[in-house]
Amino acid sequence: LPPTIRQILSSGHDSANKVQLCGWIKSVRRQKNVTFAVISDGSCPTGLQAVLSNTLSSQLKLGLTNGASVRVSGSLVNSRGTGQAKELQVDSIDVLGECNPETYPIQKQTLSVDYLRDHAHLRARTDTNASILRLRDSLTKVMQRFYERHDFCYVHTPILTSSDCEGAGETFRVTASSAVPSHVPDLLDPSDSPSSEFFSKPAYLTVSSQLHLEALASSLSRVYTLSPCFRAERSQTSRHLAEFWMLEAEWTWTREVNDVCQLVEACLKDALVLGIGEEERRALAKGVPDYDQRLRCLEDAASSKPWVRLTYTEAILELEKYAAAAGPKASTFQFKPQWGCALQSEHERWLSEVLVKGPVFVTDYPSSLKPFYMRTNDDGKSVACFDLLVPYVGELVGGSLREERLDVLCSRMSALGMDTEGEEYKWYLDLRRFGSAPHGGFGLGFERLISWVSGVENVRECIAMPRWARRMLL
Ligand code: 4AD
Ligand code: MG
């Protein structure tokens, strides 16, 4: 492969080296004798300034316009202008794909977030959206290195499943659109009929890989995956997508919820320190209004200081104290904080942004608020779990110890009306029947991580082609 612009700029080419590169024109500036064209191939935030003699540009059959794709060759020289260290002195240039400046949807002026969502197929051509996608790639690699270093096995879990891991009833049901073909009867199962389920039972898109990861952790000890998850989430918020990616890890021989928190903290500190380079940070800062403040917050979180842990009960007490002291002022909460009730996003944000001013693990929620698989604490009413809350985003990670005691798990499931005798959960209970191992794990919303690290407010900008209720463009 020929080098990308990032490779060319970082490899110390000198003017003796001729280079050839391809990219799209980001801007064109014509002067008396020369034309400056910034060319980007998406490999780095800056692109490369190409300098063409006007004789060369006037010979072109197709126009040098914003958005056109080009192939250029020339010498990399020290730039005499400000703003870039190197530029390309062009010997030859071909326009490979022209772009009509009148109708090109990605014009140079600032384009609104909504407009760009409507043009999701082209929005990665804007500087900010391209930076977000490179950040996403960089965070993926940092995470992979972290789990490799800790000897986790990267596994692939199914997307089609028969279970609703979280029990929240937000699953997408899957049906086969192909009709049962009547002309090839010998290929068919005799019990197949045009109306039958493809899998002979209801099938869903996965909401979380956790249950499958538990099965694999009970043989490989340490496993993780990064995979798409699907939730028929109807609320239109800046934190929810119908299709999002979750990094999930699951491992055995862990007995304290704090051990799970510690691993989450270590991997997120790696993400904060290594996930975003200086140049990319500067590029993102252009699109984020209060970036300096956010940056200070991120730097503080990345320091060696341990992140705060609060139990759910302590968190409720703090929220109640604040609400009581503030009285009926507008600054208090819309929802009253109350033990036994879920923390609302306004509570989560207050805890991380006002009380702690940084990431905070809230642990040991009442079991009534959490799914069936979490390990019951000795008090019998709370579970060994945590939510990690971070400023601006709210809940970033959810995790827990898993209930490894067969009898306790069965009674919890029965109390929730789940069938412990039937086929559906037999495999899950087998993990406790045969060599049950204490274990725990977590799930981290990847778009929320990107939103936190980049300062980009809405998760809809943190994935290339977002899907949410009533919106799936391409
Ligand atoms: O808290 P959740 O629902 O936890 C689980 O699914 C566990 N089974 C994970 C595990 O322990 N393996 O989801 C985990 C994280 C949330 O903290 C949030 O960051 C993200 O996934 N998340 C979403 N992100 C975007 N859009 C949505 N609709 C999301 N729902 C959850
Ligand atoms: Mg959660």
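In terms of the UniProt record's numbering, the sequence shown is residues 14 to 487. Where is the CB? At the ideal position from N, CA and C, for every residue including glycine. Remember, predicted model here, so these are calculated numbers, not experimental data.
Sequence-distant residues of its chain with Cβ nearer than 8 angstroms to residue i (five each side left out)
i	result
residue 221	178, 179, 242, 259, 261 and 456
residue 175	212, 214, 215, 216, 217 and 437
residue 32	16, 21, 26, 86, 87, 88, 89 and 101
residue 359	346, 347 and 348
residue 133	477, 478, 479, 486 and 487
residue 427	433
Residue i CB to nearest heavy atom of the ligand 4AD below 6 angstroms
i	result
residue 90	no
residue 161	no
residue 259	yes
residue 221	yes
residue 2	An answer regarding residue 2 cannot be provided, because it is not within the stretch 14 to 487 covered by the chain.
residue 461	yes
residue 278	no
residue 408	yes
residue 366	no
residue 165	no
residue 169	no
residue 452	no
residue 35	no
residue 233	no
residue 430	no
residue 360	no
residue 253	yes
residue 179	yes
residue 455	yes
residue 458	yes
Residue i Cβ short of 6 angstroms to the ligand MG heavy atom set
i	result
residue 411	yes
For residue i, the first and last residue of its enclosing beta strand (DSSP E)
i	result
residue 502	There is no way to answer for residue 502, as the model of the chain reaches only from 14 to 487.
residue 62	61-66
residue 31	31-43
residue 192	Looking at the DSSP string, residue 192 is not in any beta strand (DSSP E), and its letter there is neither H nor E.
residue 321	321-324
residue 423	That residue, residue 423, is in no beta strand (DSSP E); its alpha helix (DSSP H) goes 419-428.
residue 392	No beta strand (DSSP E) contains residue 392, which DSSP labels as neither H nor E.
residue 486	Run containing residue 486: none; DSSP gives neither H nor E here.
Alpha-carbon to alpha-carbon, residue j and residue i
i	j	result
residue 423	residue 334	38 angstroms
residue 164	residue 37	41 angstroms
residue 249	residue 406	15 angstroms
residue 23	residue 52	16 angstroms
residue 401	residue 269	16 angstroms
residue 152	residue 471	18 angstroms
residue 302	residue 468	9 angstroms
residue 185	residue 145	28 angstroms
residue 150	residue 19	15 angstroms
residue 364	residue 354	16 angstroms
residue 482	residue 474	16 angstroms
residue 50	residue 122	17 angstroms
residue 67	residue 93	18 angstroms
residue 188	residue 480	19 angstroms
residue 251	residue 464	10 angstroms
residue 476	residue 410	18 angstroms
residue 386	residue 433	13 angstroms
residue 491	residue 125	Summary: the structure shown does not reach residue 491, with the chain confined to residues 14 through 487, and so no result is reported for it.
residue 48	residue 225	58 angstroms
residue 181	residue 357	16 angstroms
residue 227	residue 264	8 angstroms
residue 57	residue 40	16 angstroms
residue 171	residue 239	12 angstroms
residue 245	residue 110	40 angstroms
residue 384	residue 340	34 angstroms
residue 72	residue 294	39 angstroms
Cut-off 6 angstroms between Cβ atoms - residues of its own chain near residue i, not counting five sequence neighbours on either side
i	result
residue 78	112 and 114
residue 280	159
residue 298	304
residue 96	none
Span of the alpha helix (DSSP H), counted from its first residue to its last, around residue i
i	result
residue 459	459-467
residue 11	Only positions 14 to 487 of the chain appear in the structure, and residue 11 is not among them; the question remains open.
residue 158	140-162
residue 271	270-287
residue 310	304-315
residue 449	No alpha helix (DSSP H) contains residue 449, which DSSP labels as neither H nor E.
Proximal residues to residue i (C-beta, below 7 angstroms), its chain only, five neighbours per side dropped
i	result
residue 285	311, 314, 315 and 466
residue 107	83 and 84
residue 378	325, 395, 396 and 398
residue 283	155 and 159
residue 350	329, 332, 333, 336 and 360
residue 117	79 and 80
residue 446	419
residue 54	17, 18, 34, 35 and 36
Min CB distance residue i to chain C below 7 angstroms
i	result
residue 459	The displayed structure is made up of one protein chain only, and chain C is not part of it.
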